Amino acid sequence: MAAPLVGILGAYGAVGSVAARRLAAEGRCRLRLGGRALEPARRLAAELGPSAEAQAVDARDGQSLAAFAEGCRVVLNCAGPAYLLLDRVRQAAFTAGADYVDVMDDGTASAPGGPRTAVLSAGLVPGLSGLLPGLLAATMARPLRFTGGYAGLGALTHTGAVDYLLSLDRGFGVPMGLWRGRTVPGALRTDEGVRVPGLPRPVTAVPFLTAEVVERAEALGLEEARWYNAFDGSFLYDALNRVRIGDGPGLDARAAELVRAGALDAAGRTPYHALWGSLDGVGHEGAEVRRTVLVRGADGAELTGEVGAFAVSEVGDGRVPAGVHRAAEVLSPRRVVDRLRAVVGGLVVAERDADAASGADLVDEAEEEGAL
Numbered sequence: 432m433a434a435p436l437v438g439i440l441g442a443y444g445a446v447g448s449v450a451a452r453r454l455a456a457e458g459r460c461r462l463r464l465g466g467r468a469l470e471p472a473r474r475l476a477a478e479l480g481p482s483a484e485a486q487a488v489d490a491r492d493g494q495s496l497a498a499f500a501e502g503c504r505v506v507l508n509c510a511g512p513a514y515l516l517l518d519r520v521r522q523a524a525f526t527a528g529a530d531y532v533d534v535m536d537d538g539t540a541s542a543p544g545g546p547r548t549a550v551l552s553a554g555l556v557p558g559l560s561g562l563l564p565g566l567l568a569a570t571m572a573r574p575l576r577f578t579g580g581y582a583g584l585g586a587l588t589h590t591g592a593v594d595y596l597l598s599l600d601r602g603f604g605v606p607m608g609l610w611r612g613r614t615v616p617g618a619l620r621t622d623e624g625v626r627v628p629g630l631p632r633p634v635t636a637v638p639f640l641t642a643e644v645v646e647r648a649e650a651l652g653l654e655e656a657r658w659y660n661a662f663d664g665s666f667l668y669d670a671l672n673r674v675r676i677g678d679g680p681g682l683d684a685r686a687a688e689l690v691r692a693g694a695l696d697a698a699g700r701t702p703y704h705a706l707w708g709s710l711d712g713v714g715h716e717g718a719e720v721r722r723t724v725l726v727r728g729a730d731g732a733e734l735t736g737e738v739g740a741f742a743v744s745e746v747g748d749g750r751v752p753a754g755v756h757r758a759a760e761v762l763s764p765r766r767v768v769d770r771l772r773a774v775v776g777g778l779v780v781a782e783r784d785a786d787a788a789s790g791a792d793l794v795d796e797a798e799e800e801g802a803l
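In my numbering, each residue's number is its place in the sequence shown (first place is 1) plus 431.
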C-alpha cells in the first residue's frame with residue numbers, strides 16, 4: 432500500500448519548506464509540494480527525494496486547488512495572506528476528501544467539518560501561543576489567572592505584514608482587552624520598559640486579548656486572562672500606530688511600511704521569537720502556586736513550520752476528531768513542546784514552579800537559573 436499523500440501549499444516558502452523537510456525526514460508519507468511557481472517546488476522536491484513531487488497551484492483559483500488536493504490524505508496550507516484566502520483551501524481539501532491543517536486561522540473555526548478534520552492556527556502565533564495556558568495548567572487542581580505575551584525581532588515578510596494588519600480588523604482580538612469571565616474592552620493599558628526573561632532589553636507591551644486566549648480561558652475555567660504583543664524597538668510599534676486599518680494608503684503600502692520598520696528595529700541585532708506565560712492557581716495540595724514558561728527560538732518560520740508538521744502527523748494518525756478545530760483545542764501542549772525541544776536547534780524552553788504568595792515572577796526565576 433502506498434504511503435499517504437500530504438499536499439503542502441506554499442511548500443517552498445520559509446514556513447512550508449520547514450514543514451516539508453520535517454515530514455520528509457519522518458518518512459511516513461509522500462509529499463506534493465505546491466506553489467504558484469513550479470521551478471522552486473521542483474528544486475525542493477529534488478532535494479527531498481523520490482517521495483516528493485512538485486505541482487503548480489494557485490490558491491486563488493478553485494480548479495487549481497481542486498487538482499492539487501485530489502488524492503491527498505491531508506492538505507497543509509502554509510500560503511498567505513491567510514485573511515485574504517480565508518477558507519477556500521480548506522473547502523477544496525474537504526471536497527477532495529482530504530483533511531486539512533492551516534498554520535494560520537482561515538476565519539471559520541466554528542464551521543462544521545462533517546466527516547473531515549481541520550486544524551487551524553497550527554503555527555507560532557496563533558498556535559503555540561494558545562498551548563501555553565494548557566501547558567501550565569496541566570499540574571494544577573484549579574487554574575485561575577493567566578498572563579502571556581509574544582515578542583519577535585527579525586525580518587517581517589510582506590505577506591506576514593498583510594496578515595497582521597488584516598487580523599486587526601477581522602475579530603482576531605480585542606485591543607486593551609482583559610478576560611474576567613467575559614471580555615472587558617479597554618481594561619488595560621500599554622506598558623513601556625517591561626522586562627521579560629530571555630529578551631535582551633525592555634519591551635513595549637501592548638494588551639491584545641486574542642480569540643485564542645479567550646477560548647483557552649473559557650475551556651480551563653480561568654477567572655482572568657490577558658495577552659500582550661510586545662515590541663523590541665520603536666520603529667515597528669510607531670509604524671503600526673500610523674497604519675491602522677482604514678487609515679492612510681492602501682493595504683500593500685501599509686504592509687510595506689511595516690516591513691521597513693521591522694527591518695530598522697532588527698538592524699545589526701540578533702533575531703529571536705519569544706513566547707511567555709504565567710499562570711496562578713491552586714495546586715493539588717491546596718496551596719496557591721504559580722507556574723511560568725518561556726519559549727524562545729531564533730526563527731519564527733521554523734517554529735511555525737514545525738508546529739504545522741506536527742499537526743499534520745497528529746491528523747494523519749487519527750489523534751484529532753472530525754470537525755474544525757483550532758490547534759490549541761486539540762493538540763497536546765506537552766507533546767508539541769517536547770517535539771520542538773527535540774527538533775529545533777538552539778530552542779530555549781524554561782518552565783518554573785513557584786509559590787504564588789512569594790511574588791516570584793518569570794523574570795526572577797529565569798535570571799536566577801542563569802539559563803537565559
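Beta carbons are placed, not taken as given, at the ideal position from N, Cα and C, and that holds for glycine.
Model, not experiment: these values are computed from the prediction.
CA-CA distance, residue i and residue j?
i	j	result
Ser495	Val488	5 Å
Gly863	Ala456	Residue coverage of the chain in this structure runs from 432 to 803, which leaves residue 863 outside it and unanswerable.
Pro574	Leu651	7 Å
Gly444	Arg750	27 Å
Arg721	Asp663	26 Å
Cys509	Gly591	11 Å
Ala661	Pro638	9 Å
Ala586	Leu475	23 Å
Val520	Arg491	9 Å
Asp730	Pro616	32 Å
Pro564	Leu682	33 Å
Ala697	Val674	20 Å
Arg632	Trp707	15 Å
Thr635	Ala553	26 Å
Leu517	Gly458	30 Å
Ala718	Gly466	54 Å
Leu599	Pro481	42 Å
Determine the contact status of residue i and residue j, defining contact as a CB-CB distance below 8 Å.
i	j	result
Arg757	Glu646	yes
Ala527	Ala569	no
Val625	Thr614	no
Leu566	Arg765	yes
Ala472	Leu464	yes
Ala705	Ala529	no
Ser560	Glu643	yes
Phe603	Ala648	no
Ser523	Ala500	Here residue 523 is Ala; the residue named in the question, Ser, does not match the sequence. Yes; because the gap between Cβ atoms is below 8 Å, this pair is in contact.
Val446	Val534	yes
Met571	Gly714	yes
Gly699	Leu778	no
Ala742	Val532	yes
Val746	Ala686	no
Nearest by alpha-carbon distance to residue i: which of the options is it?
i	options	result
Val556	Thr641, Gly528, Asp748 and Arg765	Thr641
Pro512	Gly441, Val505 and Thr578	Gly441
Phe525	Gly545, Ala510 and Leu517	Gly545
Trp610	Leu667, Leu587 and Trp658	Trp658
Ser665	Ala684, Ala692 and Val746	Ala692
Thr723	Leu706, Asp784 and Ala451	Asp784
Leu689	Gly717, Gly580, Ala742 and His589	His589
Met432	Gly447, Ala445, Cys460 and Gly444	Cys460
Ala732	Ser448, Leu436, Gly438 and Val761	Ser448
Leu761	Ser744, Gly777, Ala773 and Val775	The sequence shown places Val at residue 761, rather than the Leu named in the question. Residue Ser744 is the option with its Cα nearest to Val761.
Val437	Leu630, Gly776 and Gly502	Gly502
Asp711	Leu515, Gly579, Gly493 and Ala483	Gly579
Ala740	Gly493, Leu597 and Ile439	Ile439
Tyr393	Gly608, Ala549, Arg620 and Asn672	The requested residue 393 does not occur in the structure, where the chain is confined to residues 432 to 803.
Leu667	Ala618, Leu725, Leu469 and Ala694	Ala694
Asp748	Thr548, Ala781 and Arg620	Thr548
Gly558	Val780, Ser763 and Ala781	Ser763
Requested in this report: Ignoring anything shorter than 3 residues or poking outside the segment 432–489, list the beta strand (DSSP E) runs there in chain order.
Outcome: DSSP runs (the beta strand (DSSP E)) wholly in the segment 432–489: 436–440, 461–466 and 483–487.
Requested in this report: May I have a chain-ordered list of the beta strand (DSSP E) segments no shorter than 3 residues that lie completely inside the segment 525–613?
Outcome: The segment 525–613 contains these whole beta strand (DSSP E) runs: 530–533, 548–551, 573–584 and 604–606.
Query raised in the report: Going along the chain, which unbroken runs of the beta strand (DSSP E) with 3 or more residues stay wholly within the segment 642–729?
Result: Counting whole runs of 3 or more residues, the segment 642–729 contains the beta strand (DSSP E) stretches 655–662, 703–713 and 719–728.
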